[in-house]
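Enquirer:
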Amino acid sequence: MFSKHLLYLTSDQLCAYLWHGGRLSGGVIFNNDRAGVDDFMDYLDSHGALPVYLLADLIEEDFQRVCVPHVGGGAGRKLMQRRLLQQYRETPFRHHEMQGREAVGRRDDIVLLSALTNPSAVQPWVEALELLKMPLAGLYSTTLLSEDLVRKLALRD
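Under our numbering, the first residue of the sequence shown carries the number 16, and numbering increases by one thereafter.
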């Protein structure tokens with residue numbers, strides 16, 4: 016089993032953990048400023064090129080539930096990309112998730128659109144990873160992950 020980095024980003028700081036064998040260790044904190052990013056780059060440089068998972072827990076996140084025509088294949092992917100770009104022009108950090116289909120009428124798709132609406136909160140950290148050629152395995156919203164966490168922990172209330 017190989018190691019990886021788990022990064023937890025808030026508006027104030029980034030916490031870096033080493034993730035190995037299902038366990039986290041470390042917990043090094045970097046301030047969300049230029050000096051913090053520089054310290055973060057030194058930290059990563061000393062740990063080698065491990066895959067990075069970035070969890071973003073930011074207030075600047077938006078969610079929109081929309082209905083779109085049911086279109087499959089490449090045309091459907093293009094439709095969703097256009098819809099995301101229309102909704103969230105100012106950020107590259109956008110996502111869509113199918114939530115089902117309407118029960119009546121045209122049976123349009125119900126889609127949750129989401130985005131980190133302040134890319135400047137994430138961009139310095141991602142740029143640091145790019146400079147060091149660190150593989151970014153994924154950028155995840157803690158809000159969107161919470162549903163899976165509730166299910167995994169078998170929380171019913």
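Ideal Cβ positions, reconstructed from N, Cα and C, are used throughout, including at glycine.
Tell me, please, whether the CB atom of Thr25 is closer than 9 Å to any CB atom in chain C?
Expert: No chain C is part of this structure, which consists of one protein chain only.
Enquirer: What first and last residue would you give for the beta strand (DSSP E) that runs through Tyr32?
Expert: Looking at the DSSP string, the run of the beta strand (DSSP E) that includes Tyr32 is Gln28 to His35.
Enquirer: Verify whether the separation of the beta carbon atoms of Glu76 and Ser156 is less than 9 Å.
Expert: Yes.
Enquirer: If contacts are defined as beta-carbon pairs under 8 Å, then Leu159 and Ser129 qualify, I think. What distance do you get, rounded to the angstrom?
Expert: Rounded, the Cβ-Cβ distance is 7 Å, consistent with contact.
Enquirer: Nearest CA to the CA of Pro194: which residue from Val119, Phe108, Leu59 and Ser61?
Expert: The structure shown does not extend to residue 194, since the chain spans only 16 to 172, so no value can be given for it.
Enquirer: Mark Arg109 as exposed unless 16 or more other C-beta atoms lie within 10 angstroms of its C-beta, in which case mark it buried.
Expert: Flag for Arg109 reads buried.
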